[in-house]
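J.: Residue numbering for the sequence shown follows the working numbering, beginning at 49 and increasing consecutively.
The beta carbon of each residue, even a glycine, is placed where N, CA and C say it ideally should be.
One structure, as C-alpha cells, below. Some questions next.
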Amino acid sequence: MSKNEILKILEENDGFVSGEEISGKLGVSRAAVWKAIKLLRQEGYVINSRTNRGYKLESSPQVLDCGLIGGMQTDSSVQVVCVKSVDSTNNALKKMALDGAPEGMVLVADHQTSGRGRLGRSFVSPKGKGVYMSILLKPEFIGDIAGLTCMTAVAVINAIEKIAGTTLDIKWTNDILLAGKKLCGILTELSTEGESGGVRFAIIGIGVNVNQEVSDFPPELREKACSLYSAHGVMQDRNRIAGEIVLRFFDMYRSLKENRRKVMSEYRKKCVTIGNIVAYTRDGKQLRALAETVDFEGALVVRKDNGQLDKLRFGEVSIVS
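Spelled out as C-alpha cells, the structure:
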C-alpha cells in the first residue's frame with residue numbers, strides 16, 4: 049500500500065470515507081491508514097478527520113506561482129523567485145544578496161526546514177500551508193530602516209484583511225494577531241559595512257500561517273498560534289495573499305519618506321500593545337510599565353510607575369494587562 053492509493057480513494061469521494069472502508073479496500077490496518085494520512089498532511093493535503101465518519105479530502109497542495117505573485121506589480125525592479133524548500137528564506141536571500149542580487153528581489157518558499165523568528169526562535173513552516181517569503185532592500189540612508197518592520201506589519205495586515213476578509217491586530221513590534229493568536233511573524237535583519245557601519249542591505253522576512261490545521265502546530269503552540277484556515281475554516285489562495293503583500297509592501301516602501309506619518313498612524317490604530325501594562329527587560333532587570341504609544345521611529349514608548357518615559361527599540365515585550 050502507498051499513500052497515493054489512499055489519496056486516490058479520497059479524491060474519488062466527495063464526502064467522508066471511514067478508515068475501516070479504506071483499510072478493507074487496501075488490505076491494510078487502520079493504523080497504517082492513519083500513518084499514510086499523516087504523511088499526506090505533511091505534504092500539504094488538507095484532510096478532515098471526524099470520529100465515526102472517517103476522512104475527507106478538503107484541498108490539495110497549491111503550487112506557488114511566481115507569475116501570479118508578481119503579476120500585480122508595475123515596478124519592474126521587483127523580481128519574484130519561488131523555490132520548493134530552503135532552510136530559511138532570510139538565510140537564502142542573504143546569500144543571494146552577497147552574490148549581487150538587486151533590491152526588489154523577493155524569495156518565496158513552499159517550505160522552510162529551519163524557519164526563524166526573532167530572538168532565535170523557530171518559525172514552524174509546513175510544506176504547502178503558509179506564505180514564507182523574504183524581501184531584499186538596499187536603502188540609501190540608515191534612516192530608511194527606522195520603522196521598517198512597522199511599515200511591513202501595516203502592509204501585511206492590509207493585504208490579508210483584503211483577501212481573507214478578517215480583522216487583524218499588531219503586537220509590537222513584529223507579530224500579527226488573529227483573535228489574540230499569532231498569525232504572522234516579521235523578521236527584519238540588516239547587513240552592515242565593517243568599519244563604517246553603513247547598511248549594505250536589509251532583508252525583511254514574512255511568515256504567514258495560511259492553511260495550517262491545528263495539528264500542524266506543535267502542541268505547545270496550539271493555544272498561541274493559528275492560521276486563517278484553523279480560525280475560519282476557509283481555505284485561502286496562497287498566491288493571492290503573497291501577491292497582495294508584495295504589492296502593498298513596495299507601494300508603501302517607495303513612498304515611505306513622504307507617507308511615514310500616515311503609515312505610523314495606521315500602525316498605532318492596529319497595535320493592541322498600546323494602552324496596556326507591559327513587562328520587559330532593561331539592563332537585566334524585569335520591569336513593568338504602561339505602553340503609551342509607538343513613536344515616529346517605531347520605538348515603543350512606555351511610562352514607568354515614577355512617571356518617567358522609556359523607549360524600547362527592540363527586545364521582548366509581553367502584555368500583562
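Pull up the CB-CB distance for LEU338 and ARG351, whole angstroms please, since I reckon it's below 8 Å.
T.: As a position in the sequence shown, residue 338 is number 290, starting the count at 1. As a position in the sequence shown, residue 351 is number 303, starting the count at 1. The Cβ separation is near 5 Å, so the contact holds.
J.: ASN139 by DSSP, collapsed to three states: which one?
T.: Position 91 of the sequence shown, counted from the first residue, corresponds to residue 139. Three-state result, ASN139: helix.
J.: Nearest by alpha-carbon distance to GLU261: which of ALA79, LEU74, TYR93 is it?
T.: On the sequence shown, residue 261 is found 213 positions in, with the first residue counted as 1. Taking only the C-alpha atoms, the option nearest GLU261 is TYR93.
J.: Sort ALA157, SER173, VAL320, LYS177 by Cα distance to ILE224 and report the nearest one.
T.: Stepping through the sequence shown from its first residue, residue 224 is reached at position 176. Considering only alpha carbons, the answer is VAL320.
J.: Please confirm if the region 114-121 is in contact with the region 135-143, defined as three or more CB-CB distances below 8 Å between the two stretches.
T.: No, they do not touch.
J.: Below 7 Å between beta carbons: does that hold for GLU345 and GLY195?
T.: The residue given as residue 345 occupies position 297 in the sequence shown. The residue given as residue 195 occupies position 147 in the sequence shown. Yes, the pair counts as a contact, with Cβ atoms nearer than the cut-off.
J.: Let me check understanding here. Comparing Cα to Cα, which of THR214, GLY291, ASN222 lies closest to VAL282?
T.: Position 234 of the sequence shown, counted from the first residue, corresponds to residue 282. Looking at the Cα atoms, THR214 is the closest of the given residues.
J.: Alpha carbon to alpha carbon, how far is GLU241 from ASN354? Give it in angstroms, no decimals.
T.: Walking along the sequence shown from the start, residue 354 turns up at place 306. Walking along the sequence shown from the start, residue 241 turns up at place 193. C-alpha separation (whole angstroms): 40 Å.
J.: So who's on the other strand from ASN257, going by DSSP bridges?
T.: By 1-based counting over the sequence shown, the position of residue 257 is 209. GLY178.
J.: Would the beta-carbon of ILE293 fall within 7 Å of that of VAL154?
T.: Taking the sequence shown and counting its residues from 1, the one referred to as residue 293 is at position 245. Taking the sequence shown and counting its residues from 1, the one referred to as residue 154 is at position 106. Going by C-beta atoms, ILE293 is not nearer than 7 Å to VAL154.
J.: Can you give me the Cβ contacts of ASP217 inside the same chain, cut-off strictly under 7 Å, excluding the 5 residues immediately before and after it?
T.: Indexing the sequence shown from 1 puts residue 217 at position 169. For ASP217, where only same-chain residues beyond five positions count, the Cβ hits under 7 Å are LEU225, LYS318, VAL320.
J.: Does DSSP put ARG101 in a helix, in a strand, or in coil?
T.: Taking the sequence shown and counting its residues from 1, one reaches residue 101 at position 53. DSSP places ARG101 in coil when its eight states are reduced to three.
J.: Near VAL129, which residues of its chain fall below 6 Å by C-beta distance, leaving aside the five closest residues on each side in sequence?
T.: Within the sequence shown, residue 129 is the residue found at index 81, counting from 1. Taken in chain order, the residues that qualify are LEU155.
J.: From the DSSP output, read off the bridge partner residues of GLY291.
T.: In the sequence shown, the residue the question calls residue 291 occupies position 243. DSSP output for GLY291 lists no bridge partner at all.
J.: Report the rounded CA-to-CA distance for GLY63 versus ARG286, giving the unit in angstroms.
T.: As a first step, residue 63 is located in the sequence shown; it is residue number 15 there, counting from the start. As a first step, residue 286 is located in the sequence shown; it is residue number 238 there, counting from the start. Their Cα atoms are separated by approximately 25 Å.
J.: Using 8 Å as the Cβ pair cut-off and three pairs as the minimum, do the region 266-276 and the region 90-104 touch?
T.: Result no; under three Cβ-Cβ pairs closer than 8 Å.
J.: One question on the structure: do LEU184 and ALA149 come within less than 7 Å of each other, judged by their Cβ atoms?
T.: Numbered from 1 along the sequence shown, position 136 holds the residue referred to as residue 184. Numbered from 1 along the sequence shown, position 101 holds the residue referred to as residue 149. The answer is yes: Cβ separation under 7 Å.
J.: Relative to the C-alpha of ASP299, which candidate in GLU106, ILE85, THR122 has its C-alpha closest?
T.: Locating residue 299 in the sequence shown gives position 251, counting from the first residue. Checked all of GLU106, ILE85, THR122; the closest Cα to ASP299 is THR122.
J.: Can you give the Cα-Cα distance for VAL349 and ILE289, rounded to whole angstroms?
T.: Taking the first residue of the sequence shown as 1, we reach residue 349 at position 301. Taking the first residue of the sequence shown as 1, we reach residue 289 at position 241. Cα to Cα, the separation comes out at about 32 Å.
J.: Which residues share a DSSP beta bridge with TYR328?
T.: The sequence position of residue 328 within the sequence shown is 280, counting from 1. In DSSP, TYR328 forms a bridge with LEU335.
J.: Please list the terminal residues of the continuous alpha helix (DSSP H) segment that includes GLY118.
T.: Looking up residue 118 in the sequence shown gives position 70. Note, GLY118: alpha helix (DSSP H), 114-118.
J.: Just verifying my parser: in three-state terms, what is the DSSP assignment at CYS198?
T.: The residue labelled residue 198 in the question sits at position 150 within the sequence shown. Correct three-state label for CYS198: helix.
J.: Return helix, strand or coil for ASP353, following the three-state DSSP convention.
T.: Here the question's residue 353 lines up with position 305 in the sequence shown. Three-state DSSP puts ASP353 in coil, outside helix and strand.
J.: Tell me which same chain residues have a C-beta within less than 6 Å of the C-beta of SER182, skipping the five on either side of it?
T.: Within the sequence shown, residue 182 is the residue found at index 134, counting from 1. Excluding positions up to five away in sequence, the list reads THR137, ASN138, LEU141, LEU155, ILE251, GLY253.
J.: Mind checking GLU314: buried by the 16 CB within 10 Å criterion, or exposed?
T.: Here residue 314 is taken as the residue at index 266 of the sequence shown, counted from 1. By the 10 Å Cβ count, GLU314 comes out buried.
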